[in-house]
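Protein chains in written order, with the working numbering: chain U, 16 to 345; chain X, 16 to 345.
There are 2 protein chains.
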Amino acid sequence: MKMLINVAETVVADALRGMAAAHPELAVDVENRVVVRGDAPVAGKVALVSGGGSGHEPLHGGFVGPGMLSAACPGEVFTSPVPDQMVRAAAAVDSGHGVLFVVKNYTGDVLNFDMAAELAEDEGVRVEKVLVNDDVAVEDSTFTAGRRGTGATLFVEKIAGAAAEEGRPLDQVAALARRVNENARSFGVALAPCSTPAKGGPTFELPDGELELGVGIHGEPGRERRAMMTSGEIADFAVDAVLSDLRPDSPVLVLVNGMGATPLLELYGFNAEVQRVLAERGVAVARTLVGNYVTSLDMAGASVTVCQVDEEMLRLWDAPVRTPGLRWGV
Amino acid sequence: MKMLINVAETVVADALRGMAAAHPELAVDVENRVVVRGDAPVAGKVALVSGGGSGHEPLHGGFVGPGMLSAACPGEVFTSPVPDQMVRAAAAVDSGHGVLFVVKNYTGDVLNFDMAAELAEDEGVRVEKVLVNDDVAVEDSTFTAGRRGTGATLFVEKIAGAAAEEGRPLDQVAALARRVNENARSFGVALAPCSTPAKGGPTFELPDGELELGVGIHGEPGRERRAMMTSGEIADFAVDAVLSDLRPDSPVLVLVNGMGATPLLELYGFNAEVQRVLAERGVAVARTLVGNYVTSLDMAGASVTVCQVDEEMLRLWDAPVRTPGLRWGV
Numbered sequence: 016m017k018m019l020i021n022v023a024e025t026v027v028a029d030a031l032r033g034m035a036a037a038h039p040e041l042a043v044d045v046e047n048r049v050v051v052r053g054d055a056p057v058a059g060k061v062a063l064v065s066g067g068g069s070g071h072e073p074l075h076g077g078f079v080g081p082g083m084l085s086a087a088c089p090g091e092v093f094t095s096p097v098p099d100q101m102v103r104a105a106a107a108v109d110s111g112h113g114v115l116f117v118v119k120n121y122t123g124d125v126l127n128f129d130m131a132a133e134l135a136e137d138e139g140v141r142v143e144k145v146l147v148n149d150d151v152a153v154e155d156s157t158f159t160a161g162r163r164g165t166g167a168t169l170f171v172e173k174i175a176g177a178a179a180e181e182g183r184p185l186d187q188v189a190a191l192a193r194r195v196n197e198n199a200r201s202f203g204v205a206l207a208p209c210s211t212p213a214k215g216g217p218t219f220e221l222p223d224g225e226l227e228l229g230v231g232i233h234g235e236p237g238r239e240r241r242a243m244m245t246s247g248e249i250a251d252f253a254v255d256a257v258l259s260d261l262r263p264d265s266p267v268l269v270l271v272n273g274m275g276a277t278p279l280l281e282l283y284g285f286n287a288e289v290q291r292v293l294a295e296r297g298v299a300v301a302r303t304l305v306g307n308y309v310t311s312l313d314m315a316g317a318s319v320t321v322c323q324v325d326e327e328m329l330r331l332w333d334a335p336v337r338t339p340g341l342r343w344g345v
Numbered sequence: 016m017k018m019l020i021n022v023a024e025t026v027v028a029d030a031l032r033g034m035a036a037a038h039p040e041l042a043v044d045v046e047n048r049v050v051v052r053g054d055a056p057v058a059g060k061v062a063l064v065s066g067g068g069s070g071h072e073p074l075h076g077g078f079v080g081p082g083m084l085s086a087a088c089p090g091e092v093f094t095s096p097v098p099d100q101m102v103r104a105a106a107a108v109d110s111g112h113g114v115l116f117v118v119k120n121y122t123g124d125v126l127n128f129d130m131a132a133e134l135a136e137d138e139g140v141r142v143e144k145v146l147v148n149d150d151v152a153v154e155d156s157t158f159t160a161g162r163r164g165t166g167a168t169l170f171v172e173k174i175a176g177a178a179a180e181e182g183r184p185l186d187q188v189a190a191l192a193r194r195v196n197e198n199a200r201s202f203g204v205a206l207a208p209c210s211t212p213a214k215g216g217p218t219f220e221l222p223d224g225e226l227e228l229g230v231g232i233h234g235e236p237g238r239e240r241r242a243m244m245t246s247g248e249i250a251d252f253a254v255d256a257v258l259s260d261l262r263p264d265s266p267v268l269v270l271v272n273g274m275g276a277t278p279l280l281e282l283y284g285f286n287a288e289v290q291r292v293l294a295e296r297g298v299a300v301a302r303t304l305v306g307n308y309v310t311s312l313d314m315a316g317a318s319v320t321v322c323q324v325d326e327e328m329l330r331l332w333d334a335p336v337r338t339p340g341l342r343w344g345v
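What follows is the structure, encoded as structure tokens:
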């Protein structure tokens with residue numbers, strides 16, 4: 016498997032150096048692996064810190080900036096960051112108003128963010144945590160007890176980030192973040208596996224002519240394998256899986272997310288089918304985002320995330336954001 | 016080759032329907048295949064129209080909006096749009112101050128935009144054209160007499176688009192667009208081929224363990240094939256190819272562009288190496304953009320575009336832009 020890298024061991028550090036060069040508005044600590052918005056700590060503001068294994072870019076480092084995350088901690092590829100990174104990030108961004116940890120539900124991330132929260136609190140930083148577990152595909156999975164955290168992470172980070180930017184206190188920002196997660200559901204499909212630099216090849220096998228329905232963002236098994244389906248059939252399956260778990264009675268945000276190697280041309284076509292199914296099921300769509308946001312290296316496929324919003328959440332979604340991966344209004 | 020599509024015949028129409036759903040600020044004419052900014056024609060403003068084969072998204076439709084293109088005409092995958100689309104687009108966006116056609120140098124595009132310019136002028140629309148031909152890899156190529164147009168298209172559309180937004184007259188906008196093209200050079204590499212929906216498989220063969228140096232954005236042959244190289248070695252080769260043709264004596268804009276299937280993690284790592292080589296060669300970098308902007312469906316690989324800018328061009332690059340694919344300052 017050919018990759019655009021030097022050696023597997025330096026992939027994350029190399030990417031952070033490249034990110035620092037492209038984004039002078041961020042403070043990138045390559046050695047300690049922490050990406051911080053350049054103007055942190057921001058006086059009077061609750062800080063948001065997230066992180067997780069690398070390989071899902073632009074998540075999380077690409078969502079650092081005004082209106083979204085205060086800092087991100089990238090781990091090795093598909094491997095949790097360590098508590099030291101999170102404690103360092105919290106110390107760098109805390110203005111005295113506390114820090115919200117946004118944690119995707121994978122065992123390693125949960126343990127390490129828990130430990131980091133204790134260590135940070137020992138140093139006098141108030142910490143709240145929100146666990147993101149939106150993936151309806153399976154109840155338990157490789158690396159996860161309970162549901163996996165996937166696309167809803169973007170909605171949590173954006174909406175809670177906007178609330179923090181408005182100066183809301185930690186308990187309110189944390190409660191809002193949990194509310195976003197509770198109102199969001201995701202379902203993903205893989206058409207072809209991803210390859211990690213360390214392995215140098217695919218992390219799982221997917222026969223010609225089959226797809227994985229309900230795949231995780233590290234290639235974890237989903238619900239079932241079937242013979243290849245059309246875009247419309249996949250949209251029916253994915254949206255129905257989401258709606259069987261969350262029946263929205265108000266407008267939704269929709270994320271049609273590419274896993275990494277699926278062309279934007281195909282993602283837009285898939286979005287047309289997702290919108291068709293939502294309309295057929297009577298679900299009103301407030302906003303739609305199409306693109307590669309929560310990726311799985313070079314996996315081919317896509318995921319659908321639906322997030323039911325009230326007027327306040329929609330206003331916070333629309334609020335200005337200035338990050339490498341998501342930017343509008345500023 | 017599995018694809019997230021319904022059938023090959025409807026790929027472009029499906030994508031346009033999905034784009035219309037995601038971007039209500041655009042007017043997407045699915046039947047006639049024209050993407051227009053929703054507020055066009057804008058009084059007193061020169062309009063910019065571009066287009067080309069589909070499969071390079073977000074180019075061009077994703078660059079329609081305030082500060083960049085007024086309209087885009089998507090052809091079939093890797094196939095020029097037809098003159099009727101371009102004439103229709105010009106009529107939709109012309110405010111009476113004329114239209115600039117931004118044309119990538121491929122034989123079909125050049126012929127069809129030439130014909131469209133004549134037809135539009137017959138209908139009373141003033142038209143200027145700029146030909147983008149920045150790819151230093153080869154002099155003539157499949158589909159092209161002379162150099163191919165690739166990554167510089169983004170710089171031309173952004174900088175000339177900003178000038179038009181400021182209310183400059185057609186001759187000035189056209190002259191500026193030509194100046195951007197003259198000051199920009201690109202070089203691309205492929206690690207794996209792309210697959211078109213019509214063919215249902217790869218458009219060219221690339222053996223295991225080899226890469227194509229100087230590949231075109233439709234998979235056209237480049238300068239040579241070699242055994243796989245590191246990210247650093249590729250950056251040396253690509254940047255030196257660019258700098259052997261353009262020796263900048265002022266700061267440059269850099270685009271490190273993904274071909275489609277190369278993870279953002281790898282693109283950022285590649286950017287670190289590109290920046291190293293530019294620094295070693297004494298080239299000052301003003302701005303850097305890293306991501307998938309001028310893609311080739313699911314090709315794996317990347318391209319480097321360098322554009323020498325003066326203070327005016329840099330100011331226009333930094334000016335606000337609000338499109339699906341490029342957005343800042345608004």
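Heads up, the beta-carbon is just placed ideally off N, CA and C, and yes, glycines get one too. In this text the structure is predicted, and so the values were computed from the model without any measurement.
What residues from chain X crowd round U/Asp124, counting only those whose CB sits closer than 9 angstroms?
Reading the first sequence from its first residue, position 109 is the one you call residue 124 of chain U. Within chain X, no residue comes near U/Asp124; the closest Cβ sits about 18 angstroms away, beyond 9 angstroms.
Indicate whether X/Ala253 and X/Phe202 have their beta-carbon atoms separated by less than 8 angstroms.
By 1-based counting over the second sequence, the position of residue 253 of chain X is 238. By 1-based counting over the second sequence, the position of residue 202 of chain X is 187. Yes; because the gap between Cβ atoms is below 8 angstroms, this pair is in contact.
Please report the Cβ distance between X/Val64 and X/His112, rounded to the nearest whole angstrom; I am assuming they are in contact, meaning their Cβ atoms lie under 8 angstroms.
Walking along the second sequence from the start, residue 64 of chain X turns up at place 49. Walking along the second sequence from the start, residue 112 of chain X turns up at place 97. 13 angstroms between Cβ atoms; not a contact.
Could you check what DSSP says for U/Asp264 in three-state terms: helix, strand or coil?
Translated into positions along the first sequence, residue 264 of chain U becomes position 249. In this structure, U/Asp264 counts as coil in the three-state DSSP scheme.
At a CB distance below 9 angstroms, what residues from the stretch 283-304 of chain U approach chain X? Give them in sequence order.
The stretch 283-304 of chain U vs chain X, Cβ under 9 angstroms: Tyr283, Gly284, Phe285, Asn286, Ala287, Glu288, Val289, Gln290, Arg291, Val300, Arg302, Thr303, Leu304.
Please state whether the Cβ-Cβ distance between X/Glu227 and X/Gly237 is less than 8 angstroms.
To locate residue 227 of chain X, count along the second sequence from 1; it is residue 212. To locate residue 237 of chain X, count along the second sequence from 1; it is residue 222. With contacts defined by Cβ atoms closer than 8 angstroms, X/Glu227 and X/Gly237 form a contacting pair.
Relative to the ligand FAD, is the shortest distance from any of its heavy atoms to the C-beta of X/Ile20 smaller than 7 angstroms?
Absent from the structure shown: the ligand FAD. Ligands present: none.
Any beta carbon from chain X within less than 8 angstroms of U/Glu40's own beta carbon?
If you number the first sequence from 1, residue 40 of chain U lands on position 25. At a cut-off of 8 angstroms between beta carbons, U/Glu40 makes no contact with chain X.
Hey, could you find the ends of the alpha helix (DSSP H) X/Asp124 is sitting in?
Counted from its first residue, the second sequence places residue 124 of chain X at position 109. It spans 122-137 - the alpha helix (DSSP H) in which X/Asp124 sits, taken as one unbroken run.
Contacts around U/Val292, its chain only, beta-carbon distance under 7 angstroms, and the 5 residues preceding and following it disregarded:
Counting from 1 along the first sequence, the entry for residue 292 of chain U is found at position 277. Ala250, Asp251, Val254.
Residues bridged to U/Arg200 by DSSP?
Residue 200 of chain U sits at position 185 when you count from the first residue of the first sequence. In the DSSP output, where bridge partners are listed per residue, U/Arg200 has U/Val321.
Rounding to the nearest angstrom, what Cα-Cα distance links U/Gly77 and U/Gly340 in this structure?
Sequence index remark: in the first sequence, residue 77 of chain U carries index 62 (1-based). Sequence index remark: in the first sequence, residue 340 of chain U carries index 325 (1-based). If you take the alpha carbons of U/Gly77 and U/Gly340, they lie about 5 angstroms apart.
Measure the C-alpha to C-alpha separation of U/Glu180 and U/Ala135 and round it to an integer number of angstroms.
Taking the first residue of the first sequence as position 1, residue 180 of chain U is located at position 165. Taking the first residue of the first sequence as position 1, residue 135 of chain U is located at position 120. U/Glu180 and U/Ala135 have their C-alpha atoms spaced approximately 22 angstroms apart.
Based on the DSSP secondary-structure assignment, which residues constitute the bridge partners of U/Pro89?
Translated into positions along the first sequence, residue 89 of chain U becomes position 74. DSSP output for U/Pro89 lists U/Gly67 as bridge partner(s).
Would you check if the distance between the CB atom of X/Ile20 and the CB atom of U/Glu281 is smaller than 8 angstroms?
As a position in the second sequence, residue 20 of chain X is number 5, starting the count at 1. As a position in the first sequence, residue 281 of chain U is number 266, starting the count at 1. Yes, the Cβ-Cβ distance between X/Ile20 and U/Glu281 is below 8 angstroms.
May I ask which residues mark the beginning and end of the beta strand (DSSP E) holding U/Gly306?
If you number the first sequence from 1, residue 306 of chain U lands on position 291. Note, U/Gly306: beta strand (DSSP E), 300-306.
For U/Thr277, return the contacting residues in chain X, with the cut-off set at a CB-CB distance below 9 angstroms.
By 1-based counting over the first sequence, the position of residue 277 of chain U is 262. What U/Thr277 touches in chain X: Met18, Leu19, Gly275, Ala276, Asp313.
Cβ neighbours of U/Ala104 in the same chain (closer than 6 angstroms, five flanking residues each side left out)
In the first sequence, residue 104 of chain U corresponds to position 89, counting from 1. Cβ neighbours of U/Ala104 within its own chain (closer than 6 angstroms, five residues either side excluded): Val49, Val64, Ala86, Cys88.
Can you tell which of X/Ala106, X/Ala167, X/Thr157, X/Asp155 has its C-alpha closest to the C-alpha of X/Asp149?
Indexing the second sequence from 1 puts residue 149 of chain X at position 134. The residue among X/Ala106, X/Ala167, X/Thr157, X/Asp155 with its C-alpha nearest the C-alpha of X/Asp149 is X/Ala167.
Please list the terminal residues of the continuous beta strand (DSSP E) segment that includes X/Trp240.
Sequence index remark: in the second sequence, residue 240 of chain X carries index 225 (1-based). Sequence check: residue 240 of chain X is Arg here, not Trp. Taken as a continuous stretch (DSSP letters only), the beta strand (DSSP E) holding X/Arg240 covers 239-242.
Which residues in the same chain have their Cβ closer than 8 angstroms to the Cβ of X/Asn127, if we skip the five residues on either side of it in sequence?
Working through the second sequence from its first residue, we reach residue 127 of chain X at position 112. Excluding residues up to 5 positions away in sequence, Ser95, Pro96, Val97, Pro98, Met101 lie with their Cβ nearer than 8 angstroms to the Cβ of X/Asn127 in the same chain.
Cα-Cα separation between U/Pro184 and U/Arg330, rounded to whole angstroms
Against the first sequence, residue 184 of chain U aligns to sequence position 169. Against the first sequence, residue 330 of chain U aligns to sequence position 315. Our two residues, U/Pro184 and U/Arg330, have alpha carbons roughly 18 angstroms apart in a direct line.
If you count every other CB in all the chains shown that lies within 10 Å of the CB of U/Ser259, and 16 or more means buried, which is it?
As a first step, residue 259 of chain U must be located in the first sequence, where it is residue number 244. Residue burial annotation: U/Ser259 is exposed, with fewer than 16 other C-beta atoms found within 10 angstroms of its C-beta.
Among X/Val271, X/His75, X/Val79, X/Val230, which residue has its Cα nearest to the Cα of X/Asn307?
Position 292 of the second sequence, counting from 1, holds the residue named residue 307 of chain X. The closest CA to that of X/Asn307, considering only X/Val271, X/His75, X/Val79, X/Val230, is found on X/Val271.
Using a Cβ cut-off of 7 angstroms, which residues of the stretch 26-37 of chain U contact any Cβ in chain X, in chain order?
Residues passing the 7 angstroms Cβ filter: Val26, Asp29, Ala30, Arg32, Gly33, Met34, Ala36, Ala37.
Residues that U/Arg342 contacts on chain X, provided the C-beta gap is smaller than 8 angstroms:
Working through the first sequence from its first residue, we reach residue 342 of chain U at position 327. Correct list: Arg342, Trp343.
According to DSSP, is U/Leu221 part of a helix, a strand, or is it coil?
For the purposes of this step, residue 221 of chain U is taken as the residue at position 206 of the first sequence. Three-state DSSP puts U/Leu221 in coil, outside helix and strand.
Just how far apart, CA to CA, sit X/Met243 and U/Lys17?
Here residue 243 of chain X refers to the residue found at position 228 when the second sequence is read from its first residue. Here residue 17 of chain U refers to the residue found at position 2 when the first sequence is read from its first residue. X/Met243 and U/Lys17 have their alpha carbons spaced roughly 7 angstroms apart.
Below-8 angstroms beta-carbon distance, X/Ala317 vs any chain U residue:
The residue given as residue 317 of chain X occupies position 302 in the second sequence. True, the Cβ-Cβ gap to chain U drops below 8 angstroms.
Beta-carbon of X/Leu206 versus every beta-carbon of chain U: anything under 8 angstroms?
By one-based count along the second sequence, residue 206 of chain X stands at place 191. Yes, X/Leu206 lies at the interface with chain U (some Cβ there is under 8 angstroms from its Cβ).
Minimum C-alpha distance to U/Glu133 - residue among U/Val147, U/Leu115, U/Asn120
One-based indexing of the first sequence puts residue 133 of chain U at position 118. U/Glu133 has its Cα closest to that of U/Leu115, out of U/Val147, U/Leu115, U/Asn120.
Drop a sphere of 10 angstroms on the beta-carbon of U/Glu91, count the other beta-carbons inside from all chains shown, and report buried for 16 or more, exposed for fewer.
Walking along the first sequence from the start, residue 91 of chain U turns up at place 76. Buried is the call here.
Please confirm if U/Gly70 has its CB atom under 8 angstroms from at least one CB of chain X.
As a first step, residue 70 of chain U must be located in the first sequence, where it is residue number 55. Cβ-Cβ to chain X under 8 angstroms: yes for U/Gly70.
Tell me the rounded alpha-carbon separation between U/Asn198 and X/Val145.
If you number the first sequence from 1, residue 198 of chain U lands on position 183. If you number the second sequence from 1, residue 145 of chain X lands on position 130. Their Cα atoms are separated by approximately 49 angstroms.
Quick check: the Cα distance between X/Ala36 and X/Val321, rounded to an integer number of angstroms?
The residue labelled residue 36 of chain X in the question sits at position 21 within the second sequence. The residue labelled residue 321 of chain X in the question sits at position 306 within the second sequence. In this model, X/Ala36 and X/Val321 are separated by some 34 angstroms (Cα to Cα).
What residues in its chain sit with their C-beta under 7 angstroms from that of U/Lys119, if we drop five residues either side in the sequence?
By one-based count along the first sequence, residue 119 of chain U stands at place 104. Close CB contacts of U/Lys119 within its chain, under the 7 angstroms cut and outside five residues either way in sequence, are with Gly67, Val147, Gly164, Thr168 (chain order).
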